[in-house]
Amino acid sequence: MSVSDPLLYEKPEPGIARIWLNRPDARNAQDTQLLYALNDAFDRAVGDDEVKVIILAAKGPHFSAGHDLRETDPLAAQKLHHPVGGWISDDWVGAEGPYAREKEIYEGFCRRWRDLAKPTIASVHGKSVAGALMLIWPMDFVIASEDATFLDNTLYMGIPGVEYFAHVWELGIRKGKEFLLCGQPLSAAEALEAGMVNRVVPRAQLEEATLAFARTIADKPAFTLKLAKDSINAAFSAQGFDNVQRAAFNAHHLAHTHYRLTQQGSFVDRAFMERFATKRR
Ligand code: ZN
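This is the structure we're talking about:
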């Protein structure tokens with residue numbers, strides 16, 4: 316793979332595939348290309364009979380800055396992946412186009428990745444902001460380094476949470492509300508206490524600690540791992556996750572559409588963001 320590839324794919328040892336987010340200069344911001352490439356990389360690992368467990372890690376100082384808000388023509392980028400049309404709408408003026416785009420590459424990918432047929436581990440360091448949570452939360456396990464912090468700052472943009480609305484399942488009702496409505500960073504230690512991560516390790520040990528964790532999974536039969544994972548994920552459905560996700564995604568798009576109608580096509584509350592930024596200066 317070339318240096319400019321947004322991802323690196325490798326098999327560091329038998330039974331384990333590792334995918335690296337590889338846009339360190341952009342703090343691993345997720346543009347359309349990266350998200351489709353990540354979806355393909357997950358499929359590659361799931362389709363490889365030698366792979367039992369999949370690690371998602373990141374190059375550079377931070378895990379991910381979230382969605383790449385600098386992407387200039389996201390609809391054109393997405394159409395590259397839908398050359399024969401499909402259900403991606405041309406209606407970018409109304410709600411249908413933006414809704415369809417985020418339904419596929421944000422909510423849709425997250426739900427798909429959560430249910431991948433092989434166990435997955437997020438290996439997280441540095442900052443994980445907003446959309447970064449949508450790469451971490453769908454994974455089955457999270458190993459974080461001591462410097463890791465997690466943040467959903469979407470309310471500062473007038474948006475009621477990231478597109479994958481798993482806050483309650485990750486943190487519980489009380490802490491989930493605090494995380495979302497206060498919009499302050501959660502430390503690795505707090506995330507561990509809340510049950511959002513499995514292990515916290517020193518930064519220098521993150522890579523090896525993640526591999527060691529993966530080895531304790533990779534020594535089981537692949538089919539058994541698949542069945543065990545699916546049985547636990549059935550609990551998400553039984554707890555109403557699917558309905559909550561649908562409702563929250565629609566609320567998210569009500570907010571997007573509101574600002575597009577009232578603020579010259581902006582997807583977020585730019586007026587509030589600017590006032591808030593001024594106040595903080
Ligand atoms: Zn959105």
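According to the numbering used here, the stretch in the sequence shown is residues 316 to 596, in order.
Heads up, the beta-carbon is just placed ideally off N, CA and C, and yes, glycines get one too.
Just so it is clear, the structure is predicted and the values come from calculations on it, not from any experiment.
The beta carbon of His-573 sits no closer than 7 Å to any heavy atom of ligand 1. For Leu-350, the closest C-alpha among the options Ile-532, Leu-336, Pro-536 and Lys-367 is that of Leu-336.
For Tyr-414, the enclosing alpha helix (DSSP H) stretches over residues 411-417.
Ala-506 and Leu-431 have their C-alpha atoms some 24 Å from each other. If you look at Tyr-324, you'll find it in the beta strand (DSSP E) that goes 322-328. Its chain contains Ala-332, Ala-360, Lys-433 and Thr-435 as the residues whose beta carbon lies nearer than 6 Å to that of Ile-369, once the 5 sequence neighbours on both sides are disregarded; these appear in chain order. Phe-538 sits exposed, since fewer than 16 C-beta atoms from the chains shown fall within 10 Å of its C-beta.
Secondary structure note for Leu-526: its alpha helix (DSSP H) is the uninterrupted segment 521-533. Each of Ile-420, Gln-499, Ala-563 and Trp-484 was checked against the Cα of Ala-553, and the nearest Cα belongs to Trp-484. Between ligand 1 and His-482, a heavy atom-to-CB distance of less than 7 Å is absent.
Put simply, of Ala-445, Gly-330 and Val-457 the residue whose alpha carbon is nearest the alpha carbon of Val-477 is Ala-445.
Ligand 1 has no heavy atom closer than 7 Å to the beta-carbon of Glu-422.
Here Phe-456 is bridged, per DSSP, to Ile-436. For the pair Ala-344 and Ala-380, the CB atoms are nearer than the 8 Å cut-off. In the same chain as Pro-517, and ignoring 5 residues on each side of it, the C-beta atoms closer than 8 Å to its own belong to Ser-460 and Glu-461, in chain order. Placement of the Cβ of His-440 at a distance of 7 Å or more from every heavy atom of ligand 1 is found. Residue Ala-529 holds the alpha-carbon nearest to the alpha-carbon of Gly-330 among Ala-529, Ala-550 and Ala-410. By the 16-neighbour rule on beta-carbons within 10 angstroms, Gly-362 is exposed. In the DSSP secondary-structure assignment, Lys-442 is bridged to Thr-464.
Runs of the beta strand (DSSP E) lying entirely within the region 332-378, each at least 3 residues long, are 368-373 in chain order. Of the residues Ala-341, Ala-570 and Leu-322, the one whose Cα lies closest to the Cα of Asn-354 is Leu-322. In this structure the region 468-482 lies against the region 573-583, because at least three pairs of beta carbons, one per stretch, are closer than 8 Å. Ranked by Cα distance from Tyr-479, the options Lys-326, Met-449, Glu-508 and Cys-497 are led by Met-449. Of the other Cβ atoms in all chains shown, fewer than 16 fall within 10 Å of the Cβ of Pro-327; this residue is therefore exposed.
The closest heavy atom of ligand 1 lies less than 7 Å from the beta carbon of Glu-417. Straight across, the Cα-Cα distance linking Pro-339 with Gly-441 is about 12 Å.
For Arg-590, the three-state secondary structure derived from DSSP is helix.
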